[in-house]
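Peer 1:
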Amino acid sequence: MRYISTRGQAPALGFEDVLLTGLAPDGGLYVPEKMPTFSQQEIAAMASMEYPELAFTIMKPFIDGAIGDEDFKRLIDESYATFRHKAVAPMVQLGKNEWVLELFHGPTLAFKDFALQLLGRLFDFVLKRKDERVVIMGATSGDTGSAAIEGCRSCKNIDIFILHPHNRVSDVQRRQMTSVLEDNVFNIAVEGNFDDCQNMVKASFADQSFLPNGRRLAAVNSINWARIMAQIVYYFWAGLSVGAPERKVAFSVPTGNFGDIFAGYLAKQMGLPISQLIIATNKNDILHRFMSQNKYETHGLEHTLSPSMDIMISSNFERALFELSGKNADKINQFMTDFAAGSASIGDDAFAKARELFDSYAVDDALTVETIRRVYEESEYLLDPHSAIGVKAARECVRDSAIPMITLATAHPAKFADAAKAAGQEDAPALPHHMADLMSREERYTVKPDDLAVIQQFIADSLK
Ligand SMILES: *Cc1c(COP(=O)(O)O)cnc(C)c1O
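Numbering (the working numbering), first residue to last: 1 to 464.
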């Protein structure tokens, strides 16, 4: 299995290099040169598998021998043993053909654990083999940082530095990061906003000379191919549980950077009979506007009740455009040039292809709260605001009510208690048992000014 860049100017890589590289040197994102596929019979045989075995079966062709089967199985087992539900990703029924796939039973209560639990272990495994250490540096407005820290806390060959905007993440989100006390974990609270954090991370990737002893940076954001790979699995898991491959299935996905829903697109390429994929966005609706008018243009950032979807640009959308354009890197380069100049479109054929599979819907805060309230009244089921956006979009965009519609529930409602309160829940939803003492745990983090030199010096000193 070789991986190629969407911009066409970077060398093709094998799995191990694609794992450690992140962004391609030409600015593109890596995708498999050719997608593996499963026959209907092979998919039917997956129905009896537990989650880890299914994960192994789906991901094995992407690893393609870069990690031995026994080792890879062990890494998967360890990754999903951290989840607090026996089914790993349980399905909950909301209506006749309406389901929610709960992806929030991992250590940080959001779906990012599915990819980041595995990613940390994959990194550690290949680094140990190469006798190398890397530095992970990332910026977070909440979910990614805590999931990355949880994924890397027990990795011996990784030091992880996560920047978050000081006093601008919720208490739960901060504590999920700062109560991890391992020596290889460094939380930096930056006196600035999320963009300031992000810009310092970008600058550090561009010039890594501040790192001591030839160390290099590795990326944990959703441009890393291995994250997408791990997310394909639960589409199969959910589809199988409602009758695929004999039956078709539809999915609604709360979307920000397009990583999660792109994994659904790939599941379809691999043989899962997905009839419809719904892009559910909040007011940050660049994707909904694109799907409506074939115009890709940024607007200003809106702060919403669903902060993990507050984005201006969807970085993984480039991967989808590359597929829709027939893997034509020239077209992607043109698209990105046009986009940088203000507005970009794709050809009519590619746009028609996109509309065949994808629908989209944008849900504002008022409608998010209204949906949380309604679903609670109907079923006494409490949705978090991100998942509520998914359910609302599913109800608006459903094409065929005979096909099971599955909304990905991307976070636990206790993580976003404000939205639950706004929807009439008098008491804040309780954190799960294993986190009940979160608010009294010891914390460790360093507050630093919004100054690249200061941050880089701190990192360099911490690595000595
Ligand atoms: C990250 C995140 C999303 C968006 O996922 P993308 O892969 O960026 O589209 C949605 N919901 C929650 C809770 C998240 O943490």
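Even glycine gets a Cβ: it sits at the ideal position worked out from N, Cα and C.
Straight-line CA distance for Pro25 to Arg319?
Peer 2: Computed Cα separation, rounded: 16 Å.
Peer 1: Could you tell me whether any Cβ in chain C is nearer than 8 Å to the Cβ of Asn213?
Peer 2: In the displayed structure, chain C is absent; only one protein chain is listed.
Peer 1: Distance check for Phe251 and Leu240, CA to CA, integer angstroms please.
Peer 2: Roughly 13 Å between the two C-alpha positions.
Peer 1: For Thr298, name the three-state secondary structure that DSSP assigns.
Peer 2: Coil.
Peer 1: Okay, do the stretch 273-289 and the stretch 303-319 touch, 3+ Cβ pairs below 8 Å being the bar?
Peer 2: Touching, yes.
Peer 1: For Ala430, is the classification buried or exposed, using 16 other Cβ atoms within 10 angstroms of its Cβ as the cut-off for buried?
Peer 2: So Ala430 ends up on the exposed side.
Peer 1: Going by the DSSP bridge assignment, what does Val249 pair with across the sheet?
Peer 2: Paired residue(s): Ile274.
Peer 1: Specify, as a first and last residue, the run of the alpha helix (DSSP H) that Lys156 falls within.
Peer 2: Neither: Lys156 is in no alpha helix (DSSP H) and is coded neither H nor E.
Peer 1: Within 10 angstroms of the Cβ of His303, are there 16 or more other Cβ atoms? Answer buried if so, exposed if not.
Peer 2: That one is exposed.
Peer 1: Quick check: what's the CA-CA separation for Pro385 versus Leu103?
Peer 2: Using only the alpha carbons, I get a separation of about 14 Å.
Peer 1: What does the alpha-carbon distance come out to for the pair His166 and Ala419?
Peer 2: Distance between the alpha carbons of His166 and Ala419: 22 Å.
Peer 1: Should Val134 be labelled buried (16 or more other beta-carbon atoms within 10 Å of its own) or exposed?
Peer 2: Label assigned to Val134: buried.
Peer 1: What did DSSP end up calling Glu191 once you bin it into helix, strand or coil?
Peer 2: Glu191 falls in the strand class under three-state DSSP.
Peer 1: Taking Tyr3 and Trp237 to be in contact with their CB atoms under 8 Å, please state how far apart those CB atoms are, rounded to whole angstroms.
Peer 2: Not quite, the Cβ-Cβ distance comes to about 24 Å (not below 8 Å), so this is no contact.
Peer 1: Quick one: does the C-beta of Asn193 sit closer than 7 Å to a heavy atom of ligand 1?
Peer 2: Checking every heavy atom of ligand 1 against the Cβ of Asn193, none is found closer than 7 Å.
Peer 1: Which residue from Asp348, Val185, Asn199 puts its Cα closest to that of Ala148?
Peer 2: When only C-alpha atoms are compared, the closest one is Val185.
Peer 1: Can you tell me whether DSSP reads Gly138 as helix, strand or coil?
Peer 2: Reduced to three states, the DSSP call for Gly138 is strand.
Peer 1: Helix or strand or just coil, what does DSSP make of Arg216?
Peer 2: Of the three classes helix, strand and coil, the one that applies to Arg216 here is strand, per DSSP.
Peer 1: Mind checking who Asp359 pairs with in its DSSP beta bridge?
Peer 2: Looking at the DSSP assignment, Asp359 forms a beta bridge with Ile278.
Peer 1: What's the C-alpha gap between Val363 and Glu70?
Peer 2: Straight-line Cα distance between these residues: approximately 44 Å.
Peer 1: DSSP state of Met288, grouped into three classes?
Peer 2: The residue asked about is misnamed: residue 288 is His in this sequence, not Met. His288 falls in the helix class under three-state DSSP.
Peer 1: Would you kindly work out how many angstroms separate the C-alpha atoms of Asp204 and Thr21, rounded to a whole number?
Peer 2: The residue asked about is misnamed: residue 204 is Ser in this sequence, not Asp. Their Cα atoms are separated by approximately 15 Å.
Peer 1: By the DSSP assignment, the beta strand (DSSP E) with Pro449 in it spans what residues?
Peer 2: Its beta strand (DSSP E) spans residues 446-449.
Peer 1: On the CB-based measure, 16 or more other CB atoms within 10 Å of its CB, does Thr108 come out buried or exposed?
Peer 2: Label assigned to Thr108: buried.
Peer 1: Would you mind giving the Cβ-Cβ distance between Phe123 and Ile158, rounded to the nearest angstrom? I have them listed as a contact below 8 Å.
Peer 2: Right, the Cβ-Cβ distance comes to about 6 Å (below 8 Å), so this counts as a contact.
Peer 1: Enumerate, from N- to C-terminal direction, the unbroken beta strand (DSSP E) stretches of 3 or more residues contained entirely within the stretch 314-397.
Peer 2: Counting only runs of 3 or more, we get 358-362.
Peer 1: With distance defined between alpha-carbon atoms, name the residue in Asn328, Val201, Asn294, Phe262 nearest to Leu217.
Peer 2: When only C-alpha atoms are compared, the closest one is Val201.
Peer 1: Between Ile261 and ligand 1, is the CB less than 7 Å from at least one heavy atom?
Peer 2: Within the cutoff, so yes.
Peer 1: Under a three-way DSSP split, which group does Phe186 fall into?
Peer 2: Correct three-state label for Phe186: strand.
Peer 1: Once you ignore the five residues that flank Phe416 on each side, which residues in its own chain have a CB closer than 6 Å to its CB?
Peer 2: Contacts found: Asp384, Pro385.
Peer 1: Since I believe Lys448 is in contact with Ile455 (beta carbons under 8 Å), could you give me their beta-carbon distance rounded to a whole number of angstroms?
Peer 2: Right, their Cβ atoms sit about 6 Å apart.
Peer 1: Do the stretch 398-408 and the stretch 348-355 make contact, defined as three or more Cβ pairs closer than 8 Å?
Peer 2: Too few Cβ pairs lie closer than 8 Å, so no.
Peer 1: Nearer than 7 Å: is that true of the beta carbon of Phe251 relative to any heavy atom of ligand 1?
Peer 2: Phe251 Cβ: outside cutoff for every heavy atom of ligand 1.
Peer 1: Count the other C-beta atoms from every protein chain shown that fall within 10 angstroms of the C-beta of Glu50, then say buried if there are 16 or more, exposed otherwise.
Peer 2: So Glu50 ends up on the exposed side.
Peer 1: Name the two residues that bound the continuous alpha helix (DSSP H) containing Val242.
Peer 2: Per DSSP, Val242 belongs to no alpha helix (DSSP H) and is neither H nor E.
Peer 1: Out of curiosity, what's the CA-to-CA distance linking Gly347 and Lys156?
Peer 2: If I take the Cα positions, the gap works out to 48 Å.
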